[in-house]
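4 protein chains.
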Amino acid sequence: MSGNNLAEGSNPSEAQMSGAEVIAQSLKTQDVNYMFGIVGIPVTEIALATQKLGIRYVGMRNEQAACYAASAVGYLTGRPGVCLVVSGPGLIHALGGMANANMNCWYMECCLPPPICMAETSAVYVAASLLRNAKQPLLIIGKGAAYAHAEHSIRKLVEQCKLPFLPTPMGKGVIPDNHPNCVGAARSRALQLADVIVLFGARLNWILHFGLPPRYQPDVKFIQVDICAEELGNNVRPAVALLGDINAVTQQLLEQFDKIPWQYPPESKWWKILREKMKSNEAASKELASQKSLPMNYYTVFYHVQEQLPRDCFVVSEGANTMDIGRTVLQNCLPRHRLDAGTFGTMGVGLGFAIAAAVVAKDRNPGQRVICVEGDSAFGFSGMEVETICRYNLPIVLLVVNNNGIYQGLDIDTWKDMLKSGDATTVAPPVCLLPHSHYEHVMTAFGGKGYFVQTPEELQKSLRQSLADMTKPSLINIMIEPQAMRKAQDFHWLTRSKI
Amino acid sequence: MSGNNLAEGSNPSEAQMSGAEVIAQSLKTQDVNYMFGIVGIPVTEIALATQKLGIRYVGMRNEQAACYAASAVGYLTGRPGVCLVVSGPGLIHALGGMANANMNCWYMECCLPPPICMAETSAVYVAASLLRNAKQPLLIIGKGAAYAHAEHSIRKLVEQCKLPFLPTPMGKGVIPDNHPNCVGAARSRALQLADVIVLFGARLNWILHFGLPPRYQPDVKFIQVDICAEELGNNVRPAVALLGDINAVTQQLLEQFDKIPWQYPPESKWWKILREKMKSNEAASKELASQKSLPMNYYTVFYHVQEQLPRDCFVVSEGANTMDIGRTVLQNCLPRHRLDAGTFGTMGVGLGFAIAAAVVAKDRNPGQRVICVEGDSAFGFSGMEVETICRYNLPIVLLVVNNNGIYQGLDIDTWKDMLKSGDATTVAPPVCLLPHSHYEHVMTAFGGKGYFVQTPEELQKSLRQSLADMTKPSLINIMIEPQAMRKAQDFHWLTRSKI
Amino acid sequence: MSGNNLAEGSNPSEAQMSGAEVIAQSLKTQDVNYMFGIVGIPVTEIALATQKLGIRYVGMRNEQAACYAASAVGYLTGRPGVCLVVSGPGLIHALGGMANANMNCWYMECCLPPPICMAETSAVYVAASLLRNAKQPLLIIGKGAAYAHAEHSIRKLVEQCKLPFLPTPMGKGVIPDNHPNCVGAARSRALQLADVIVLFGARLNWILHFGLPPRYQPDVKFIQVDICAEELGNNVRPAVALLGDINAVTQQLLEQFDKIPWQYPPESKWWKILREKMKSNEAASKELASQKSLPMNYYTVFYHVQEQLPRDCFVVSEGANTMDIGRTVLQNCLPRHRLDAGTFGTMGVGLGFAIAAAVVAKDRNPGQRVICVEGDSAFGFSGMEVETICRYNLPIVLLVVNNNGIYQGLDIDTWKDMLKSGDATTVAPPVCLLPHSHYEHVMTAFGGKGYFVQTPEELQKSLRQSLADMTKPSLINIMIEPQAMRKAQDFHWLTRSKI
Amino acid sequence: MSGNNLAEGSNPSEAQMSGAEVIAQSLKTQDVNYMFGIVGIPVTEIALATQKLGIRYVGMRNEQAACYAASAVGYLTGRPGVCLVVSGPGLIHALGGMANANMNCWYMECCLPPPICMAETSAVYVAASLLRNAKQPLLIIGKGAAYAHAEHSIRKLVEQCKLPFLPTPMGKGVIPDNHPNCVGAARSRALQLADVIVLFGARLNWILHFGLPPRYQPDVKFIQVDICAEELGNNVRPAVALLGDINAVTQQLLEQFDKIPWQYPPESKWWKILREKMKSNEAASKELASQKSLPMNYYTVFYHVQEQLPRDCFVVSEGANTMDIGRTVLQNCLPRHRLDAGTFGTMGVGLGFAIAAAVVAKDRNPGQRVICVEGDSAFGFSGMEVETICRYNLPIVLLVVNNNGIYQGLDIDTWKDMLKSGDATTVAPPVCLLPHSHYEHVMTAFGGKGYFVQTPEELQKSLRQSLADMTKPSLINIMIEPQAMRKAQDFHWLTRSKI
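As they're listed, the protein sequences go chains A, B, C and D. Heads up: the first sequence begins at 3 in the working numbering, then just goes up one per residue. Heads up: the second sequence begins at 3 in the working numbering, then just goes up one per residue. Heads up: the third sequence begins at 3 in the working numbering, then just goes up one per residue. Heads up: the fourth sequence begins at 3 in the working numbering, then just goes up one per residue.
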């Protein structure tokens with residue numbers, strides 16, 4: 003079949019529709035705009051029929067990544083993405099994506115946008131009173147707030163009441179990270195000392211340490227705002243639970259503060275504690291970032307990336323330290339512009355998510371970039387999707403933060419020494435990957451641009467070139483200290499025990 | 003953690019064993035020799051404890067491939083391979099491997115080799131009589147025969163009784179493909195005209211066309227030899243079913259032909275039909291193989307590969323035409339030395355299988371090679387495992403038979419023309435991959451050797467170099483005609499309809 | 003073990019708690035008041051520990067019925083009932099109850115009552131407008147309204163706005179069936195002609211004919227009020243969906259009608275149509291009920307039952323015609339006082355439900371009765387639970403409406419004649435049960451009172467005695483015409499085709 | 003529908019078959035002779051179509067019992083029984099039966115009888131040698147031997163080699179229990195002291211104490227004969243495993259003892275130990291059986307039942323002590339004539355099994371009886387199936403051994419006293435059922451004969467009448483001591499701890 007043949011095809015006005023056409027039409031009716039998948043007998047016809055109706059088809063290299071991409075489209079656009087796989091093994095490969103979607107945000111068959119519901123008026127009143135009486139209040143903004151498009155109302159609440167806020171990983175950008183009320187740089191302190199915390203679509207899961215001491219005050223009061231009744235009261239019993247659409251409920255709260263105006267005193271001791279902690283933490287990060295020793299450490303890398311990060315880009319990230327530290331340094335300015343491994347901690351989602359974001363970006367806002375920050379181990383799960391990126395010429399800059407391993411690795415000399423004592427299956431630590439892997443070749447193999455960088459200067463230059471050239475995707479393979487640790491923390495439970 | 007630290011570790015003589023050590027010890031007790039996986043909290047300790055007990059650990063890049071590798075080890079060694087994954091997403095990624103193992107051959111928990119059982123004497127007598135009276139007999143040797151180590155007894159039966167035989171894909175090598183009684187080159191004709199067929203551990207599944215007309219005589223009599231009662235009588239009711247260990251049952255058959263000697267007349271019309279058909283088919287293949295036009299076609303490629311194929315190598319293969327046509331040209335001389343996508347038709351198994359075979363080969367028979375023949379689409383499912391291959395320096399030669407697509411693709415000029423009419427998501431046929439992809443870069447990225455070949459001469463040379471140099475794995479990216487079709491078939495139902 | 007021993011037991015103040023005590027304490031903490039089950043090793047201790055904490059334990063005869071009883075308690079009391087079974091077969095027997103609970107209303111682990119949420123104000127406004135402009139409005143009250151305790155607000159809406167309403171089977175009693183605005187007697191007509199229908203916690207499932215023509219106007223507008231977003235838009239796309247607590251949303255609607263008062267004109271043509279249809283249907287039923295021929299028909303039976311039905315009793319029912327026709331004649335005056343086979347159409351739930359209702363009634367309101375109306379086939383699923391009823395001396399009057407079969411049966415003479423032609427396994431129609439079965443003996447076997455009734459007079463007398471005597475449960479076995487059909491319907495699709 | 007109508011029906015010769023007819027025809031082709039179920043829309047037609055083809059249809063009262071009946075037919079006849087249920091709740095109710103069949107013996111879709119397979123000759127030789135050299139040999143005959151129809155070969159082995167044997171519960175009757183070599187009366191001693199044990203289709207599950215000390219010698223050698231490879235080596239690693247058809251393998255063993263004749267010396271110390279233990283155990287049982295105190299104990303009851311037990315009857319049993327003690331006293335003389343709760347310990351199987359056995363008996367051997375021995379609690383699970391028994395007039399004598407509870411209960415006076423202290427839900431021990439329940443009324447309700455017996459004389463008389471009258475089924479409700487314990491055991495671990 004040639005591209006020309008594609009343009010012809012059967013005339014839909016004549017005769018009846020094929021099964022593939024019926025499926026395609028039904029997807030179109032449900033306002034599906036993107037399909038990801040891998041064709042094979044007998045689903046190729048469905049992909050063709052779908053394209054004919056104007057739905058974009060993205061052919062992927064593994065059903066796993068296809069399903070991750072489809073699930074991300076649901077989150078980004080509010081309309082379902084679709085994953086096309088053959089039955090049997092194809093379907094089983096796709097299960098990872100389905101499980102991840104389930105743990106995060108997305109479902110197929112969600113034909114109608116659900117109607118909006120609001121919290122009970124009296125509960126809203128109680129919540130507002132709690133907040134008025136808080137000594138050390140804190141708002142936590144989760145991805146539920148992003149999904150509910152609650153950015154305007156929550157920002158109004160933050161600014162009108164002068165409250166400190168903290169985003170969860172995928173809640174970043176609902177209010178810009180550089181907003182003066184964002185206390186992300188004092189995250190642990192803020193959680194530990196707050197006496198009243200409002201959760202906007204954020205779950206008290208492992209990322210938020212389950213809401214329990216010693217990471218929180220034993221008597222902290224949670225006000226939980228969520229659309230999902232099952233999430234309310236998980237792990238910790240909230241003082242007030244506001245069940246409803248997060249945007250609508252925030253507006254109900256704002257009405258309370260309109261009726262009886264209130265703002266939290268900006269000169270309080272609480273703000274002083276938070277600002278001082280932020281200052282010292284930022285100084286410590288900057289200190290780490292400015293270290294001149296080579297190989298680079300995480301902070302140096304992310305400092306330089308942040309310097310050049312386009313304000314409106316999507317940030318996609320996965321990995322262990324790469325994702326954790328990157329999150330603290332890289333700033334999001336727009337809602338629903340960060341995608342990461344999420345609640346389920348799934349490795350292998352990054353490239354699928356980046357592809358989805360890039361396809362959406364290309365459609366909506368030509369010129370917008372996707373910055374995909376991968377640990378080297380994380381990149382391995384779906385690195386072959388780089389071919390997909392090149393095939394569709396997607397505006398993605400891939401950063402592989404490469405420490406030669408999972409959590410940590412070995413430098414090339416230690417690796418070679420080690421092999422003298424036996425076969426790698428016998429002597430290599432299970433966390434190690436091959437030192438000095440040239441992941442950038444995976445990009446050049448398909449016509450994209452690749453960079454192998456070992457110094458801050460090389461990093462700066464490669465970023466500049468990658469971001470300047472919109473004609474090709476690129477991959478920057480950034481070599482860091484294989485045993486690089488995160489900066490010391492002043493809470494003992496923050497530092498992971500060495501493996 | 004460094005390799006040195008590994009050598010020290012905790013002293014097992016002191017104090018009690020950790021949970022990880024208990025698991026490792028239990029695997030050792032069950033005679034597990036290989037573990038494949040991806041570490042993460044909290045399973046890293048298990049990998050370490052396992053290595054300490056002398057079990058080889060192979061760290062993979064995606065749980066999918068790890069699980070495929072573990073399943074292959076079970077088939078190759080008769081002892082279970084183990085797959086180590088973290089719970090949640092890791093486990094879900096591994097499901098594909100588990101499903102595939104289930105459809106083929108391998109189970110965990112198989113502590114004891116099961117005792118051998120034999121067929122009922124009277125049924126063996128009936129089977130022998132049927133065979134004696136056959137006008138056009140045929141033996142089909144399946145992977146069950148390989149798994150049962152029945153190679154010696156079946157070969158004796160073939161030679162003593164002078165019977166024609168046909169291997170199934172993974173039954174290839176139980177008797178060498180170049181044995182004079184092998185009628186693989188007349189496969190369709192042999193199936194279509196045989197009047198008595200003995201199935202040795204072969205299933206009448208889609209690969210054998212379910213045993214039904216018009217691919218078979220309506221009154222063909224099947225003699226089914228299998229260890230698995232559930233397989234007996236699937237799709238077609240056998241004339242005789244011999245339930246038992248395939249090797250033991252074959253010996254029972256041989257006893258019958260020892261008591262009353264018999265051999266099938268070598269000058270029969272049946273042998274004449276088969277030999278003539280083989281001759282004409284081989285001539286047709288040779289004709290295709292000798293075509294000088296470029297890009298090459300499948301037959302030319304496989305002809306040159308076969309020329310240099312080491313007699314004792316493992317052959318691993320997956321893809322559509324790549325696997326189908328490759329199977330007819332590439333010869334196996336040893337049992338249990340071919341692994342392919344098998345009954346379940348799973349794409350993505352190739353590199354995991356190749357890694358498993360190479361790890362086993364390195365252990366048992368240094369110098370032995372694994373030739374892994376991948377379609378370009380198939381390679382994409384787990385191409386990142388090339389890093390694993392390089393990390394463990396495995397004796398693998400990867401051939402990517404590259405037609406720029408699934409089933410077929412576009413040449414680079416047509417591709418570029420096509421893009422003038424719209425975005426690739428809109429205009430590219432769903433079967434297309436990026437033309438001129440340099441998959442060999444995925445190998446050079448990790449220090450292996452890569453070749454991009456477009457002519458028979460380049461193919462010959464790259465094969466020679468790859469096979470000569472045992473110090474590094476290599477990948478040969480073989481460009482073929484993107485619209486290359488298989489040779490014409492004289493049964494209409496053999497030719498797949500165009501997509 | 004004797005009852006005395008029970009009073010002693012281990013002293014909970016001394017030493018630590020056993021596993022059984024921990025489980026019991028945890029159930030108590032979750033405000034569980036009732037446990038149903040069957041003991042066995044090793045769960046007997048749990049039942050004992052539970053009783054010690056004041057939770058009532060009801061030992062049942064089959065796990066199926068135990069689980070049905072536990073699920074009903076959840077609906078009746080708003081607190082979970084618990085089902086105690088041994089693992090293995092006991093658990094499997096309980097699956098029916100779990101599936102049924104899932105399809106209806108009940109879940110374990112529902113620790114906290116969920117917070118109340120309200121519908122979006124603008125959607126409420128739209129709904130109110132729709133209703134104001136309706137020509138032929140109808141409210142349908144489902145079991146969701148009962149579960150939400152919305153009886154006062156919905157009744158206020160009905161009476162203030164003078165709207166006709168229709169209860170679903172388990173929605174009966176939210177407003178008394180004998181309320182003048184109830185149009186149950188003109189159900190088919192009301193559904194068929196309404197132009198705006200408000201669904202209060204009612205699903206458009208098979209009981210409501212999926213909301214589709216010809217049972218409804220093609221352009222009928224549905225206003226759906228539900229707590230469950232997943233239920234919204236099933237089968238039919240609602241004109242407005244009000245997501246929220248049904249009671250809270252009804253109050254929101256009332257606020258609209260307080261702001262701008264409105265009532266539907268009582269002298270409208272719509273009310274005239276409905277009242278005339280009700281009158282003619284009631285006349286037809288009364289005609290059937292007054293037939294003097296013997297055996298009795300369904301209408302005669304239910305007419306006499308209704309005559310004596312205590313106003314505050316629970317009505318439990320299952321069967322085919324018995325449940326369907328009984329529902330139209332037997333009136334409920336209180337919310338949450340009717341339990342039947344429900345959405346899932348499960349046979350076998352009746353006695354479990356009746357036992358649960360009776361245990362709750364005994365606790366809350368001594369003197370209250372449970373009337374359990376069973377078809378003879380339905381009674382067979384769990385008839386042995388009569389022993390449970392007698393053991394706990396529960397205030398249940400069981401009516402078995404006996405037509406010797408499923409849907410229909412044979413009279414005793416035809417049965418005997420038929421047996422002359424062969425064994426019953428060969429000649430008896432599969433729908434037949436044994437004619438003249440004395441189900442009342444199943445009650446007298448355990449000390450309860452049994453009645454075998456064949457005439458209206460016997461029925462009246464037995465009902466009078468059963469309801470007068472609170473000291474013992476009773477069972478009235480009511481013989482009806484084995485081929486009794488329901489009254490003719492004037493919609494052709496209402497009449498089931500003969501088997 | 004009347005019986006007459008049934009005889010007419012549609013003419014199968016005209017026109018095409020309905021869906022129901024296709025299903026029925028397919029069951030007939032697979033040699034299905036019995037269907038059990040409950041009809042409803044839309045499966046009634048299937049039952050009718052099935053009857054037309056001569057398959058017997060038995061309408062049951064609960065899908066649970068229907069499925070148990072269908073599974074028993076598979077065991078009794080070697081051809082599958084079929085269970086007909088409606089989808090949804092009917093299917094869920096049937097799960098118990100499916101799980102139980104799975105744990106025991108029966109599968110649907112078993113179209114072809116599997117071919118027979120034999121054990122490896124060398125393994126048979128080793129097994130025979132082990133047996134020749136045994137000091138204290140023992141054969142254990144399981145239900146696998148019964149299912150394999152191995153009665154003749156195993157009996158020949160027992161008698162020719164003069165070996166002691168022990169049946170498992172459902173292995174009883176493969177060789178008659180009263181055979182002089184049966185050491186059932188010294189079961190615990192035989193297991194404890196044997197040095198070589200041959201297992202014929204018996205599993206080392208909880209019934210056989212998992213094959214472990216202290217119930218067995220630590221160095222006992224097991225020879226395992228089984229058709230199922232998965233069963234081999236469970237719990238204990240056998241010295242020899244003979245995989246194959248149990249009858250065929252036993253014949254292979256006999257061939258060994260034909261070649262080199264051998265018999266175990268009848269005057270050995272081992273036989274002496276066993277005979278003495280049997281004598282003392284039988285004396286203890288007889289002592290218990292002859293006790294004159296009332297209420298009766300278990301041994302008295304079973305002694306009198308055994309006195310009148312027809313030699314060729316089926317014995318079905320379930321319960322706790324009722325099944326355990328009954329098994330030791332009631333003797334089976336024919337293979338496949340005992341059905342009980344089996345490996346899975348399922349309560350509720352009894353009446354379904356009895357109905358299946360009776361339907362088969364009526365077909366094969368008019369005059370043959372089914373004696374169904376139920377504990378009172380066990381009877382409650384499916385007591386309503388008594389109506390089924392009466393409807394089909396099945397030759398069943400039901401014995402309910404009634405101790406007013408599960409394991410034990412209270413006498414009527416203690417029960418009444420106890421109720422003075424509170425409601426039964428609060429004060430009744432969870433193991434108690436209603437004292438003096440007249441279960442026999444459940445039989446008289448449907449026209450069968452019922453007996454309430456409290457003395458040995460009443461028991462004898464009622465048994466005599468029940469067995470003499472073939473025209474009606476009967477139920478004998480046998481009151482025993484509510485706190486009746488089993489006889490003291492001289493192994494401490496045999497006596498269950500009091501609840």
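Where is the CB? At the ideal position from N, CA and C, for every residue including glycine.
Any chain B beta carbon closer than 7 Å to residue i
i: residue 434 (chain D); result: no
Cross-strand partners of residue i (DSSP beta bridge)
i: residue 58 (chain D); result: D:36
i: residue 375 (chain A); result: A:319 and A:401
i: residue 410 (chain B); result: B:408
i: residue 340 (chain C); result: C:317
DSSP three-state assignment for residue i, whether helix, strand or coil
i: residue 481 (chain A); result: strand
i: residue 193 (chain C); result: helix
Cβ of residue i within 7 Å of any chain A Cβ
i: residue 105 (chain C); result: With a pLDDT of 42 at residue 105 (chain C), under the threshold of 50, the predicted position of this residue should be treated as unreliable, though the coordinate-derived value follows. No, because no Cβ of chain A sits closer than 7 Å to the Cβ of residue 105 (chain C).
i: residue 439 (chain B); result: yes
i: residue 453 (chain B); result: no
7 Å Cβ cutoff met for residue i and residue j
i: residue 245 (chain B); j: residue 82 (chain D); result: no
i: residue 59 (chain C); j: residue 68 (chain C); result: no
- Query: Given a limit of 7 Å on CB to CB distance, which residues of the region 53-85 of chain A reach chain B?
  - Reply: Within the region 53-85 of chain A, the residues whose Cβ lies closer than 7 Å to some Cβ of chain B are 53, 58, 59, 60, 61, 63, 64 and 66, listed in chain order.
- Near-chain A residues of the region 118-132 of chain C (beta-carbon distance less than 8 Å), N- to C-terminal order: Along the region 118-132 of chain C, the positions whose C-beta sits under 8 Å from a C-beta of chain A are 118, 119, 120, 121, 122, 123 and 125, read in chain order.
- Residues in the region 368-389 of chain A with C-beta within 7 Å of chain C's C-beta atoms, listed in sequence order? Hits within the stretch: zero.
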